[in-house]
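Have a look at the structure below before the remarks.
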Amino acid sequence: MSNYLVKRILMMFVTLWIIVTLTFALMHAIPGNPFASESDQLPEQILNNLRAKYNLDEPLPVQYILYLKNLLMLDLGPSIKSDSRGVNDMISDGFAASAWLGAQAIGVAILFGITLGIIAALNRNKWLDYVAMALAVLGVAIPSFIMAPLLINFFAIKLPLFPVATWGTWMHTILPSLALAFGPVAVITRYMRASMIEVMNQNYIRTAEAKGIPMFIIVVRHGIRNAILPVVTFLGPLIASLITGTFVVEKIFAIPGIGKYFVDGIFNRDYPVILGTTIFYSAILIFTIFLIDIAYTLIDPRIKLTNKER
Numbered sequence: 001m002s003n004y005l006v007k008r009i010l011m012m013f014v015t016l017w018i019i020v021t022l023t024f025a026l027m028h029a030i031p032g033n034p035f036a037s038e039s040d041q042l043p044e045q046i047l048n049n050l051r052a053k054y055n056l057d058e059p060l061p062v063q064y065i066l067y068l069k070n071l072l073m074l075d076l077g078p079s080i081k082s083d084s085r086g087v088n089d090m091i092s093d094g095f096a097a098s099a100w101l102g103a104q105a106i107g108v109a110i111l112f113g114i115t116l117g118i119i120a121a122l123n124r125n126k127w128l129d130y131v132a133m134a135l136a137v138l139g140v141a142i143p144s145f146i147m148a149p150l151l152i153n154f155f156a157i158k159l160p161l162f163p164v165a166t167w168g169t170w171m172h173t174i175l176p177s178l179a180l181a182f183g184p185v186a187v188i189t190r191y192m193r194a195s196m197i198e199v200m201n202q203n204y205i206r207t208a209e210a211k212g213i214p215m216f217i218i219v220v221r222h223g224i225r226n227a228i229l230p231v232v233t234f235l236g237p238l239i240a241s242l243i244t245g246t247f248v249v250e251k252i253f254a255i256p257g258i259g260k261y262f263v264d265g266i267f268n269r270d271y272p273v274i275l276g277t278t279i280f281y282s283a284i285l286i287f288t289i290f291l292i293d294i295a296y297t298l299i300d301p302r303i304k305l306t307n308k309e310r
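Residue numbers 1 to 310, in the UniProt record's numbering, belong to the letters of the sequence shown in order.
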């Protein structure tokens with residue numbers, strides 16, 4: 001167990017370093033620079049001073065090494081477009097809103113996805129199954145950035161039930177949470193249905209039925225626990241993406257989360273903001289996948305983390 005954990009932690013750092021390197025290279029490979037919009041308005045000397053301030057006048061290998069040195073000290077650098085704030089401050093300010101919104105979306109997705117999947121599996125080829133699968137198809141077909149304006153149109157404009165374009169109370173989180181959860185609900189429903197059908201056809205389920213155990217107890221004690229592993233696998237990247245903010249949805253609802261800074265950083269070619277938010281998202285994703293692997297052994301004791309031969 002300890003050897004596995006050490007190897008995984010080392011691999012996590014190696015993976016993160018590869019992501020940092022690729023993001024840095026791709027970001028600088030795109031034509032243009034953060035001061036392209038000001039090149040016609042500012043004297044060349046001022047532009048040179050700005051490039052020197054942010055080390056953009058150095059060769060790329062030197063910029064890369066300097067960035068890695070700061071990263072080792074957990075310093076993501078200053079924002080080029082906002083001198084008064086650093087990337088660490090932006091992430092610190094935006095993470096609370098993104099995490100709160102993401103946690104609600106995850107709760108909705110898990111609750112409705114698993115419930116619909118179980119209902120569809122237990123009513124296979126019946127009307128409840130067809131309804132659940134129709135909702136799943138819609139969820140996969142309609143992305144969150146399309147669902148968000150639809151929800152705004154119906155529940156904020158035509159039926160003014162929820163506020164939008166502001167942030168402050170739990171009422172402001174309902175529509176964006178639903179927009180973020182709609183797609184994951186569909187995916188979880190399909191995973192849970194397929195896995196549940198397979199589990200309910202196993203011999204130990206038939207044995208439990210033959211013993212006269214109520215179906216509800218069979219489903220809760222034996223069915224769900226063995227069928228939920230595919231859903232847990234999907235939850236790793238889902239939790240990371242929702243907790244760290246879904247960029248377009250946050251922009252649509254004017255939510256002061258990490259997504260807002262990432263989108264603005266791309267439009268402004270703000271290199272430190274793009275790198276910092278990408279690294280933060282990647283770190284959360286890698287760590288979440290690691291926790292999911294650990295959770296496998298808690299859900300199913302038959303799964304071992306070691307490769308020791310018996």
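C-beta: ideal position from N, C-alpha, C; glycine also.
Since this is a predicted model, take the numbers as computed values, not measurements.
- With contacts defined as CB atoms closer than 7 Å, Leu-101 and Pro-176 qualify as a contacting pair.
- Straight across, the Cα-Cα distance linking Met-73 with Tyr-67 is about 10 Å.
- Cβ contact annotation for Ala-295 (same chain, cutoff 8 Å, sequence separation greater than five): Val-232, in chain order.
- Rounded to whole angstroms, the separation of the alpha carbons of Met-12 and Leu-275 is 18 Å.
- In the structure shown, Pro-214 falls within a coil segment according to DSSP collapsed to helix, strand and coil.
- Contact between the region 151-160 and the region 223-230 is absent: fewer than three C-beta pairs spanning the two stretches fall below 8 Å.
- Fully contained in the region 216-242 are the following alpha helix (DSSP H) runs of length 4 or more, in chain order: 224-227.
- Taking the CA atoms as reference points, Ser-144 sits about 12 Å from Ile-152.
- With respect to the C-alpha of Phe-267, the residue from Leu-50, Val-62, Lys-81 and Ala-136 having the closest C-alpha is Lys-81.
- Within the same chain, and ignoring the five residues on either side of Phe-95 in sequence, the residues whose Cβ sits closer than 7 Å to its Cβ are Ile-258.
- If you draw a straight line from the Cα of Val-20 to the Cα of Ile-279, it is about 7 Å long.
- For Tyr-130, the number of other beta carbons within 10 angstroms of its own is below 16, and it is reported as exposed.
- Non-local beta-carbon contacts of Val-140 in its own chain, meaning distances under 6 Å to residues more than five positions away in sequence, involve Ala-186 in chain order.
- Using a Cβ distance threshold of 7 Å, Ala-134 and Arg-193 do not count as a contacting pair.
- In the DSSP assignment, the residues bridged to Gly-86 are Pro-78.
- In the same chain as Val-273, and ignoring 5 residues on each side of it, the C-beta atoms closer than 8 Å to its own belong to Ser-79, Ile-80, Lys-81, Val-87, Met-90, Tyr-261, Phe-262, Asp-264 and Gly-265, in chain order.
- The Cβ atoms of Leu-242 and Ala-105 lie closer than 7 Å to each other.
- With a beta-carbon spacing of about 16 Å, Ala-97 and Ala-181 fall beyond the 8 Å limit used to define contacts.
- Taking all protein chains shown into account, His-28 has fewer than 16 neighbouring C-beta atoms within 10 Å of its C-beta and is therefore exposed.
- Only residues of its own chain outside the window of five on either side were considered, and among them Phe-162 have a CB closer than 7 Å to the CB of Ile-174, listed in chain order.
- When the five nearest sequence neighbours on each side are left out, the beta carbons in the same chain lying within less than 7 Å of the beta carbon of Thr-15 are those of Ile-286, in order along the chain.
- Rounded to the nearest whole angstrom, the CA to CA distance from Pro-43 to Gln-63 is 24 Å.
- Within the region 93-150, the complete alpha helix (DSSP H) segments of 4 residues or longer fall at 127-141, listed in chain order.
- In summary, Asp-270 is buried, with 16 or more beta-carbon neighbours lying within 10 Å of its beta-carbon over all protein chains present.
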